[in-house]
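Asks: My questions all concern the structure below.
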Amino acid sequence: REAAFLLIHGLLHLVGYDHDTPEREIKMRAREDNILESLGYRRKQR
């Protein structure tokens, strides 16, 4: 799961996503969660 998250996170950065503002972080995390869930993973609860 962690490897999948890191790969997705890095790929999202490559296509223009970032988490440098609260609004952009929300959008990026939502996209990460969507992709992870489509692969059968869930984000760890904080």
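The opening residue of the sequence shown carries number 2 in this note's numbering; numbering runs sequentially from there.
Even for Gly, the Cβ is constructed at its ideal location relative to N, Cα and C.
Ignore the nearest five residues each way along the sequence and tell me which others in K19's own chain have a CB closer than 6 Å to its CB.
Replies: With the sequence shown as reference, residue 19 is identified as Asp, and Lys is not the correct amino acid for it. So the qualifying residues of the chain are R25.
Asks: From which residue to which residue does the alpha helix (DSSP H) around D34 run?
Replies: P23 to S39
Asks: What number of angstroms, rounded off, separates the C-alpha of I36 from the C-alpha of D21?
Replies: Cα atoms of I36 and D21: separation of roughly 20 Å, rounded to the nearest angstrom.
Asks: Are A1 and Y42 closer than 7 Å when you measure CB to CB?
Replies: In the structure displayed, the chain extends from 2 to 47; residue 1 sits before or after that span and is not available.
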